[in-house]
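Q: Residue numbers (the numbering used here): 29 to 92. Let me begin by handing over the structure; questions about it come next.
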């Protein structure tokens, strides 16, 4: 019985089908979470920056 269990465990340990796909999926999920977190942190700052640029451009227009 023990030899069957050892043989089965050896077979399972050598079977690596799908491992690469799972690893790529995990990497993609981590990158996606990082992008979402970065967008939430940087979003308000970018909005303020572009609003300031827009206000500066509006103020710099020549008077008619």
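Glycine included, every Cβ here is placed at the ideal spot set by N, Cα and C. Remember, it's a predicted structure, so these values are computed and weren't measured experimentally.
Go ahead and pull the three-state DSSP assignment for residue 29.
A: Residue mapping note: residue 29 aligns to position 1 of the chain shown, counting from 1. Three-state DSSP puts residue 29 in coil, outside helix and strand.
Q: State the Cα-Cα distance for the pair residue 79 and residue 85, rounded to the nearest angstrom.
A: By 1-based counting over the chain shown, the position of residue 79 is 51. By 1-based counting over the chain shown, the position of residue 85 is 57. Rounded to the nearest angstrom, the two C-alpha atoms are 10 Å apart.
Q: Over what stretch of residues does the alpha helix (DSSP H) that includes residue 26 continue unbroken?
A: With the chain covering only 29 through 92, there is no way to say anything about residue 26.
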